Structure formats: structure tokens, C-alpha cells
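K.L.:
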Amino acid sequence: MNTENLTRSEARARSEALEVTKHIIDLNITEAPADTDTFTVTSRIDVTVRKPIETFIDFIGNQAHLSIDGVAVDARFDGARLYLPELLPGSYRLSIDGVGRYSTTGEGLHRFRDPQDNQTYLYTQFEPADARRVFPNFEQPDLKTHFHISIAAPASWTILSNGAENHRVNISPNSLGTECVEVSFVPTQRQSTYLTAFIAGPYVGFNDTAQTAQGPIALGFYCRATLAEHFDLDDISTVTKQGLNTFPSAFGCDYPWGKYDSVFVPEYNLGAMENPGCVTFSEDHYIFRGLATRAQRASRANTILHEMSHMWFGDYTTPVWWDDLWLKESFAEFMGAWASATATQYTEAWVDFAGARLDWALRTDQLPTTHPIVADIPDLEAADQAFDGITYAKGAAVLRQLVAFVGEDKFFAGVRQYFAQHAFANATLDDLLTALEMSSGRDLHDWANEWLHTTGVSTVMVERTAEGARLSQIGTDSISGQPIRRPHRIRVSGFVANDGVLKRVASYDVDLRDNVTVPWEKIGGEDVDLILPNDDALSYLKIAFDGRSLDSALHNRIREDLSRSVISGQLWQMAYDGLIQPGSYASFVAREPLLPSASLLSQRTDSAIQAIRFFLAGRKRSESFNAFFDIALKARDLAEPHSDPYTIWTRALATVAAVLPKRDEEVAEILQQTTDKDLRWMLLTARAACGTITVDDIDAELARGGTASDVVAHLRAVASMPGNREATVIKLMKADMSNDHLSALIEGFTQYLHSAEARQALPDYFGIIEDIWTSHSQELAERLIYGLYPMSDLEPGTVPEDNADVRAATQWLADATHAPAALRKIILDKRDFHVRALRNQAR
1 MNTENLTRSE
11 ARARSEALEV
21 TKHIIDLNIT
31 EAPADTDTFT
41 VTSRIDVTVR
51 KPIETFIDFI
61 GNQAHLSIDG
71 VAVDARFDGA
81 RLYLPELLPG
91 SYRLSIDGVG
101 RYSTTGEGLH
111 RFRDPQDNQT
121 YLYTQFEPAD
131 ARRVFPNFEQ
141 PDLKTHFHIS
151 IAAPASWTIL
161 SNGAENHRVN
171 ISPNSLGTEC
181 VEVSFVPTQR
191 QSTYLTAFIA
201 GPYVGFNDTA
211 QTAQGPIALG
221 FYCRATLAEH
231 FDLDDISTVT
241 KQGLNTFPSA
251 FGCDYPWGKY
261 DSVFVPEYNL
271 GAMENPGCVT
281 FSEDHYIFRG
291 LATRAQRASR
301 ANTILHEMSH
311 MWFGDYTTPV
321 WWDDLWLKES
331 FAEFMGAWAS
341 ATATQYTEAW
351 VDFAGARLDW
361 ALRTDQLPTT
371 HPIVADIPDL
381 EAADQAFDGI
391 TYAKGAAVLR
401 QLVAFVGEDK
411 FFAGVRQYFA
421 QHAFANATLD
431 DLLTALEMSS
441 GRDLHDWANE
451 WLHTTGVSTV
461 MVERTAEGAR
471 LSQIGTDSIS
481 GQPIRRPHRI
491 RVSGFVANDG
501 VLKRVASYDV
511 DLRDNVTVPW
521 EKIGGEDVDL
531 ILPNDDALSY
541 LKIAFDGRSL
551 DSALHNRIRE
561 DLSRSVISGQ
571 LWQMAYDGLI
581 QPGSYASFVA
591 REPLLPSASL
601 LSQRTDSAIQ
611 AIRFFLAGRK
621 RSESFNAFFD
631 IALKARDLAE
641 PHSDPYTIWT
651 RALATVAAVL
661 PKRDEEVAEI
671 LQQTTDKDLR
681 WMLLTARAAC
691 GTITVDDIDA
701 ELARGGTASD
711 VVAHLRAVAS
721 MPGNREATVI
731 KLMKADMSND
741 HLSALIEGFT
751 QYLHSAEARQ
761 ALPDYFGIIE
771 DIWTSHSQEL
781 AERLIYGLYP
791 MSDLEPGTVP
801 EDNADVRAAT
811 QWLADATHAP
821 AALRKIILDK
831 RDFHVRALRN
841 QAR
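When we follow full-length UniProt numbering, the leftmost residue of the sequence shown carries the number 1, and every step to the right adds one.
1. Is there contact here, the segment 276 to 287 with the segment 155 to 169, by at least three beta-carbon pairs under 8 Å?
2. Given residue 837, which residues of its chain have a CB within under 8 Å of its CB, disregarding the five upstream and five downstream residues?
3. What do you get for residue 3, buried or exposed, if any count of 16 or more other CB atoms within 10 angstroms of its CB means buried?
4. Nearest-angstrom Cα distance between residue 289 and residue 306?
5. State the start and end residues of the unbroken alpha helix (DSSP H) segment that holds residue 535.
6. Between the segment 565 to 580 and the segment 513 to 524, do at least 3 Cβ pairs fall closer than 8 Å?
7. Would you say residue 242 and residue 344 are within 7 Å of each other, going by their C-beta atoms?
8. For residue 175, is the classification buried or exposed, using 16 other Cβ atoms within 10 angstroms of its Cβ as the cut-off for buried?
9. Using a Cβ-Cβ cutoff of less than 6 Å, which residues in the same chain neighbour residue 284 once the five nearest sequence positions on both sides are dropped?
10. Could you check which residue in 245, 470, 580 and 194 has the C-alpha nearest to that of residue 215?
11. Rank 5, 592, 148 and 23 by C-alpha distance to the C-alpha of residue 78 and give the top, closest one.
12. Is DSSP giving residue 22 helix, strand or coil here?
13. Let me make sure I understand the geometry here. Which of 361, 487, 761 and 319 has the alpha-carbon closest to that of residue 418?
14. In chain order, which beta strand (DSSP E) runs of at least 3 residues are fully inside the segment 203 to 280?
15. Residue 563 and residue 600: beta carbons closer than 7 Å?
16. From the DSSP output, in three-state form, read off residue 661 for me.
17. Give the straight-line distance between the Cα atoms of residue 538 and residue 11, rounded to the nearest whole angstrom.
18. Thinking just about the alpha-carbon of each residue, which of 783, 778 and 784 is nearest to the one in residue 107?
19. If you reduce the DSSP assignment to three classes, tell me which class residue 78 lands in.
20. How many angstroms separate the CA atom of residue 591 from the CA atom of residue 605?
21. Between the alpha carbons of residue 645 and residue 185, how many angstroms are there, rounded?
22. So residue 120 and residue 113 are supposed to be a Cβ contact under 8 Å. How far apart are they, rounded?
23. Alpha carbons only, please: which of 432, 471, 127 and 788 is nearest the one belonging to residue 531?
24. Do three or more CB pairs link the segment 390 to 409 to the segment 487 to 500 at distances below 8 Å?
25. Where are the alpha helix (DSSP H) runs, 4 residues long or more, that stay fully inside the segment 539 to 568, in chain order?
26. Please name the residue, chosen from 469, 177 and 23, that lies closest to residue 33 on a Cα-to-Cα basis.
27. Any idea what DSSP makes of residue 144, helix, strand or coil?
28. Measure the C-alpha to C-alpha separation of residue 440 and residue 383 and round it to an integer number of angstroms.
29. Under 8 Å, with one C-beta from each stretch per pair, do the segment 336 to 354 and the segment 367 to 374 reach the 3-pair mark?
30. List the residues that DSSP assigns as beta-bridge partners of residue 198.
31. Given a threshold of 16 other Cβ atoms within 10 Å of its Cβ, counted over all protein chains shown, does residue 468 qualify as buried or as exposed?
32. Have a look at 27, 235, 281 and 248 and flag the residue whose alpha-carbon is nearest the alpha-carbon of residue 181.
33. By the 10 Å Cβ neighbour count, where 16 or more other Cβ atoms means buried, how is residue 576 classified, buried or exposed?
34. Which residue marks the beginning of the alpha helix (DSSP H) containing residue 714, and which one marks its end?
35. Would you mind working out which of 724, 793, 743 and 734 sits nearest residue 760, comparing C-alpha positions?
36. Grab me the residues of residue 130's own chain with a C-beta within less than 6 Å of its C-beta, minus the 5 sequence neighbours each way, in chain order.
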């Protein structure tokens, strides 16, 4: 048995039998500068036992020693669980002295060495269940308690946790003679283990204050010293203040966690994490060293507000178990867009959501492993994979539909009641529905069953009839096989084309479950060129346009931002489903090269490249890539230097150039003109993949900067070169590198031009994936198995199911019934996308 994989039933048994009343954590990281592999920690857990139980404490580390009420106990420790003797009803103090391991995978206590100044930085990332990699605990969300945290570390470091600093004392120097201190923090409110945070290192800090209705809130912003010059304090702090002045009113509850720190950390696996009072962000995503589009800044604002909304949805009121993960992530996804549009300069948030985030939801929902928004999560391995497009983007889209269904005022009235009833506690879907039903006066259980407990995407089919536009919902639940009959409240609009531009002439709101006919006079008459269901993106669905509407959408521009985003997303879905050719979609993208929405333009260019890469084969793919290079080159020349379109098209050009050796001279010229570091690395990597530069050229670029990002980019570029696949495989299988370095090597290894070389270097992918799963952490194993999956093209005269890689995946799934469900999910999903790609190639 894999004892790291806690099951839902084990967690339920513990929470039924005991309560954690207090948890004291003393973490000692004074030896981190010496590059030791381990640290020491003491956990003192006060518990009240309600009924006899034999259980265990979770801790993934090297050693763990137990005492109960001060008496040493000889307890078995297997590296993941410390087994307790039977506990009878009563109160106990469980004390555990542990030796933990530093991480380079972004899980637990991550240690990073800055290559520029040789400084060491530490931070933690725990969701869903990696607090046990740092301190012994009961690792489940419904055993909330007050945490009393102290950290011993070098005195010169920034040392942070959830609460404000409470006390600081000097302690003995470490083995290198470095002066050290022990910092204790204000005890937390009741919270779950995965929300604790430990930050230490020479982070540079910026202080500010948010003036709010509840009073001033202290703000801290932190990043590595070598990135401080790039830190956009003004925009980041402004958005943070706007959120802290918006959410308390919306939720009817003051910000509950005291101070508010935002820490930007290296080699982060996520975009950000909502640790109460100490939010962590990916520096790679949100500190921009060079050219950054408005879309990137808007995305950062959305993430800041997403995490801030978690201070209530998730931290203040927490799901009981990971089945209800959506009760925090879907809500945070929705609230991030809502607050961006409501309270910040980034009012285009719903436009960006409809154009890009919905694509993530739709793609995930069409996989064989799709699941209801309220998922069945039997264990922690499944929980780790539930942070997906269903839980985030589909859930947020469904919440947008719920708001349209009950009304925004009544929605927030229900939310305020929900928080009032479950302060610092755990709650379920039924708790939320009860609150929303009381505020809205509507029975929401039928709505919830149709939206939250079903799977798959329904399509609204548009037909022109004598009476009007007939809309029909078609679709099948992926699991039950029953027809989808979700209630939609949608806006239907009619558009007329004039001089290449579609103009909205009328809109009408309708309720749709099976079918409905919208009279022509409601949407502008029979002569409308485009009928657009779901205008304003109020619901979650796909659209089957009638022929005239499809032709109009492909060949005309549209002025309304949100309508444009809806149409763009739906046309990409049609390309993804093989209903329009990649070339047609690329031509649609080229029609608006200077699109004002940076987010939508990025989504369009990325999607066009993906369509050409996966949905065409052989000569057609090469010709289309070459044609798209010309599109990108022309669009870049049209754009103002350093504008958003200029940056986006240069990135697209660099991506395409990696498969076009004959265009190297043009790429070299662009590289010579480019000063932006990130763009230079993209162009250099393209040239490396084409074999037109040497390792010396790549080394010279690294020598110009030498930052952590430069080191990662250098690894990627070198691995991209022809002849490097065998050496890269050897490095990848060692499991001794950081998460970012691993991903860089995978990206280089899988350069399309060298797929034959990759196959030769890794001939038995399906023979090694189970070893990869067991010999790596789940984070690294997933990166390897997803990233290295073989995606060969369709052979002429064959069908997708005859493809050798498809057959190998099918055979592995048939044979490996014993494999962990989380591993089987990866192969099921990758095989499904591969078959989709081959079917599109066959068309």
C-alpha cells in the first residue's frame, strides 16, 4: 500500500473520532545556507478524542519520534505515517520531533539557490496535502485548528508566516557561524493544515497600507533581491488595495486574517496559493523582466483577486474534503473575474475569460476522464489531479450562469449568509444551496443536479425557420449516457454585416432546456447575417452555427468585445472538433492582426499554431507553418514596436520558426534587432532546434544575464538542438533536478523537428511510466509522463486506431489495470487527444 495516499474514508474516520484544539510548530532551518538536505521540526498537537481510535499522524520525512503527554512512545514510522497507539476518549498532547527533507520539486519546503548572487531562498507550497512534508500533522481540510508557529533561521533573512511577527530572540549561530534568530508569529485563526505558510530567505520587501472600511491593513510585498528592479509595486499594490476594499462588502465579512503579505517565489508549480495572510505567487508568471502585454498584467490582477477571494472562499469557510474543491476554486475563479471587472482598470476580465479560460474548461470536459463539478475524490492522488479546467473554469462559467439565473443581488445575499453560518468552519454544497435558496426564493436542487452533478458539454444548435431562430440543446452526459437537459438563461443576438464588420442589431434573453424558437423580430429580422446564442457569455456551452452565421463569423470582424470573444472561442472549438480546417481558422486569425484585446490575440495565435501542429500532417503541416510564419511576420511589421500585438506576433513567429530551418536568416535578423531577454531566448531556441547555431552561441547568451530564468532557457535551448535527445533522456530519468529544469528539458526534447530522434532515444515509453510514477514525486512524474507521451502522425491510408502509439496506449491500459488511477488518467487523456489529432489529420 502507498501510505502517502490518504483516502477519504481514512480522513472521515479521524474527523469523526477526534478534534485538534491547538497545533504548535517549531521549524528550524538555520542550516539551510550550508546546503544540508534536511531540517528539524517539532509538532505539538493537542487533541480531544471522542471515541476510541487507532490512527496515524502524517509526516513525509526521514525521522519521527513520538511522545504522548510527555512520555516517549515507541511508534512505528514508515516514512509517511507515524502510527499511534489506540487513543481512548480524553485529551492528549502529541509531540513529534521530526527530520524533514528540503525539496526542489515545488512540493513542501522548496529550496532555491539564485545563480546570480548565490543566495538561498525557501518557501512552502502545501495544497492539497504537502504540509506533511514539513511538519507532522493530521493532513485533511476538516481538522482545522489554531496554529502557533515559530521559525528559527539566519537573522539577516526575511522570515514570514501566516500571522504577523510576534516575538524575535537571538539563538546560537549555525555551523557556519551565521547569526540566527527564532521568530514567533501571532497564532492563526482556525484554518486547515494545507494553508499554513513558511517563508525564509533574503527576500526584498516593500511595505504599504490598505485603507479600508474596517481600518488599515498592513501590506507586504516580497521578491528575490535580483528581481527587485523589475517588481511592479504600483500596479500590484493598487490591485491588492482595490480587492481589500471590494470583497468585505460583497461577502458581508471583514478581512479576517490581520496583515496581508504577497510573496513572489521561484520555481513555483502554481500561479499562486491562498495561504491566509501570506499569499505566494509565481515570480515567473507575474514579475516581468521585459516586454509584457496588458493581457499579462490583467492576468496578474485576476490572480491577485482570485487568491484574495480565497481568504473567504476556502480559508474562512473550507470544504470538508476535496470532493467539494469547486466550493473554493470555482468561486475564486468567478470572483477574480468579477472583482477585476468591478473594481480595477482591467474591466475586460469577462472578455478574457470567455476567450481563453473557457477553452480550458471545454477541452477538459471532452476528455474521457471528465468529471462532474462536484467530483468523486477518493484519495489524495485524485485530489492532486482535480485542480483542472472543470474545477476552475467550468465551475466559474456555471456560477456565472447561476448569477444570471437568480440575480446578482440575491446571489451575494446568499453568499453573505453562507459565511455568517460557517465562519472558520467547514461546509458542503448543501450548505451553500440552502443559503442561496433562502436568499433567492428558488429551489436550486434541480439546477444543481443538472449543472453540478453531470458531465460533458452540450451544444446549442441554430436553425433558421420561417418563425424565427430555433435553438436546440443537444448533448450526452459522458458518464450516465443520458441526454443533457441543463437549464440555460442565455442572450441571443442578431448581427448584420456591413463593409466587413458585424454590427449587433438586437438581443433577446431566453430560457432554454430542450428547444426554443426566438421570433425574428426579437433579434433583428430574417436578414441578420449572424445569429449568436450565448452572447455576453452568460452560460457554458458550444454553438453549432447555421451555415450563414458560420460564414459571417469567419469572414467579418465584430466590434463588441464580449461578442468577439464568444465567437472566437466557438470557432476554435470547431477547429478543435475538426469541423473547420486549421487553414480556415488561421485565416480568421490573420483577418485581425492588430486585435485590441491582447488576451484574445494571444489565444488566437496560440490556437492556430496548435491546430497546425497537431491537426495537419506531412506536407500540409509544413506549408501551413510556413504560411503562418508569413502571417506573423507581416502582422509584426504592421504593429507599433513594443506594442502588445508586436510582442504577441514576435512570440508566435519564434514558436513557428522552430520548425522552419529555411527561414533562419529572417529569424537571425529579428534576433539581432531584439533586446527583450525573453523574446531573445525564444528566437535562440528556435534557431537551436533548427540546428543553425552552436552551443557556444547559447552559452554566450547565458553569460549576458545569468539569471534563474536564463539558466532555465539555456537548458531548453540546448536540449532543443539536434543530436541531444539521448543525453537529455539520461538527465530526465535521474530525478535529481528542480521542477523548472525538468520542464525545460522536456520542452527541448519534444521539439517537433526531432520527433524521430526522440523516438529512438526513448523507444519504450509505456514500459517505463510505472517506474517513473513510483520513483518521482507526483508533481515531477506527471510532468514527465504528460510531456514525453509519443504523438506520432497518421500514416497515409490508415485509420487513427491503427497508429502504433495509439495501439501501445490501448494495450497498456488493458494490461495495467493495477496501475494507480491517477497514472491511468494521464494515459487515457493523452491517448484521447492523440486520437482526436489523428482524426483531424485524416479529414
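Cβ atoms here follow ideal geometry from the backbone N, Cα and C, with glycine treated the same way.
In this text the structure is predicted, and so the values were computed from the model without any measurement.
P.N.:
The answer reads as follows:
1. yes
2. Position 837 of the sequence shown, counted from the start, is the residue given in the question as residue 837. Counting only Cβ-Cβ distances below 8 Å, and skipping sequence neighbours, we find 614, 615 and 791.
3. Taking the first residue of the sequence shown as 1, we reach residue 3 at position 3. Residue 3 should be labelled exposed.
4. For the purposes of this step, residue 289 is taken as residue 289 along the sequence shown, with counting starting at 1. For the purposes of this step, residue 306 is taken as residue 306 along the sequence shown, with counting starting at 1. Looking at the two C-alpha atoms, the distance is approximately 23 Å.
5. In the sequence shown, the residue the question calls residue 535 occupies position 535. It is not in any alpha helix (DSSP H) - residue 535 instead sits in the beta strand (DSSP E) that spans 530 to 535.
6. no
7. Taking the first residue of the sequence shown as position 1, residue 242 is located at position 242. Taking the first residue of the sequence shown as position 1, residue 344 is located at position 344. Result yes, Cβ atoms of residue 242 and residue 344 sit closer than 7 Å.
8. To locate residue 175, count along the sequence shown from 1; it is residue 175. Answer is exposed; the Cβ neighbour count stays below 16.
9. In the sequence shown, the residue the question calls residue 284 occupies position 284. Taken in chain order, the list of residues that qualify is empty.
10. Residue mapping note: residue 215 aligns to position 215 of the sequence shown, counting from 1. The option with the nearest alpha carbon to residue 215 is 245.
11. In the sequence shown, counting from the first residue as 1, residue 78 sits at position 78. That would be 5, whose Cα lies nearest to the Cα of residue 78.
12. Counting from one through the sequence shown, the residue named residue 22 turns up at place 22. Residue 22: strand per DSSP, three-state reduction.
13. The residue you call residue 418 lines up with position 418 of the sequence shown. Among 361, 487, 761 and 319, the Cα nearest to that of residue 418 is on 319.
14. 204 to 212, 215 to 223 and 260 to 265
15. The residue labelled residue 563 in the question sits at position 563 within the sequence shown. The residue labelled residue 600 in the question sits at position 600 within the sequence shown. No, they are not a contact pair.
16. Working through the sequence shown from its first residue, we reach residue 661 at position 661. Note: residue 661 maps to helix in three-state DSSP.
17. Here residue 538 is taken as the residue at index 538 of the sequence shown, counted from 1. Here residue 11 is taken as the residue at index 11 of the sequence shown, counted from 1. Approximately 38 Å between the Cα atoms of the pair.
18. Within the sequence shown, the letter at position 107 stands for residue 107. Among 783, 778 and 784, the Cα nearest to that of residue 107 is on 778.
19. Within the sequence shown, the letter at position 78 stands for residue 78. In the structure shown, residue 78 sits in coil (DSSP, three-state: anything other than H, G, I, E or B).
20. Residue mapping note: residue 591 aligns to position 591 of the sequence shown, counting from 1. Residue mapping note: residue 605 aligns to position 605 of the sequence shown, counting from 1. If you take the alpha carbons of residue 591 and residue 605, they lie about 12 Å apart.
21. Your numbering for residue 645 matches position 645 in the sequence shown. Your numbering for residue 185 matches position 185 in the sequence shown. So the alpha carbons of these two residues sit roughly 47 Å apart.
22. For the purposes of this step, residue 120 is identified with residue 120 of the sequence shown, where counting begins at 1. For the purposes of this step, residue 113 is identified with residue 113 of the sequence shown, where counting begins at 1. About 6 Å; that satisfies the 8 Å criterion.
23. The residue you call residue 531 lines up with position 531 of the sequence shown. When only C-alpha atoms are compared, the closest one is 471.
24. yes
25. 547 to 555
26. Counting from one through the sequence shown, the residue named residue 33 turns up at place 33. It is 177.
27. Translated into the one-based positions of the sequence shown, residue 144 becomes position 144. It is coil, neither helix nor strand.
28. As a first step, residue 440 is located in the sequence shown; it is residue number 440 there, counting from the start. As a first step, residue 383 is located in the sequence shown; it is residue number 383 there, counting from the start. Cα to Cα, the separation comes out at about 32 Å.
29. no
30. To locate residue 198, count along the sequence shown from 1; it is residue 198. 161, per the DSSP bridge assignment.
31. In the sequence shown, the residue the question calls residue 468 occupies position 468. Result: buried.
32. The count along the sequence shown starts at 1 and reaches residue 181 at position 181. Comparing Cα-Cα distances from residue 181 to each of 27, 235, 281 and 248, the minimum goes to 27.
33. The residue given as residue 576 occupies position 576 in the sequence shown. So residue 576 counts as buried.
34. For the purposes of this step, residue 714 is taken as residue 714 along the sequence shown, with counting starting at 1. 708 to 720 is the span of the alpha helix (DSSP H), which, as asked, contains residue 714.
35. The residue given as residue 760 occupies position 760 in the sequence shown. Checking every option, the nearest Cα to that of residue 760 belongs to 724.
36. Your numbering for residue 130 matches position 130 in the sequence shown. Contacts found: 107 and 108.
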